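In our numbering, the protein residues as written are 243 to 436. A quick write-up on the structure given underneath.
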């Protein structure tokens, strides 16, 4: 899941401490189930801490948007809550973060680049859900992403895009568990600010 930094800050009750970049960055790598809720906070099976050498890359692709002075606590929460549930595909904490770097930088899973390739730039204009979905599908072997929107003062913004892959991380798949009608995160068919 990747988050659009300005929208994340717009919908956070506490203002972001630093200016945001107009791009999507990693929010997390979240193992999921096809049916039912997603697993959380699973047993740590193999203790191998995150390599410090990854941190410069992680600060760029996976910043703590809400507090850029504390990336490591954010990463740690993501590992404990979500990454631990990726076993055996995700072997340990270091593998979790290496996987995120690889997916974002070399496996065509950078949402900002995918949208830009479709000539959809973060210009602060209203878009249709169909245009956003077509652009993402064109970059993910025609697989359905999951979109998260939020609305404030009659303006709906695109906040997150989730790209899904099979459990071996080899192929994109249609994302399971879309937001249902009535959810505050369901994106409308048009007038989505990005």
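C-beta atoms are modelled at their ideal positions from N, C-alpha and C, and glycine is treated no differently. Keep in mind that this is a model prediction, so the values were computed, not measured.
In the displayed model, residue 316 falls within a helix according to three-state DSSP. Residue 415 carries a strand assignment under DSSP once its states are collapsed to helix, strand and coil. For residue 302 and residue 346, the gap between their C-alpha atoms comes out near 11 Å. For residue 396, the closest C-alpha among the options 250, 435, 245, 334 is that of 435. Note: residue 246 is bridge-paired with 266 in the DSSP secondary-structure output. In the three-state reduction of the DSSP assignment, residue 421 falls in the coil class, being assigned neither a helical nor a strand state. Non-local beta-carbon contacts of residue 351 in its own chain, meaning distances under 7 Å to residues more than five positions away in sequence, involve 345, 405 in chain order. Considered as a whole, the stretch 350-431 harbours 388-394, 397-404 as its complete beta strand (DSSP E) runs of no fewer than 3 residues, in chain order. When DSSP states are grouped into helix, strand and coil, residue 308 belongs to the coil group.
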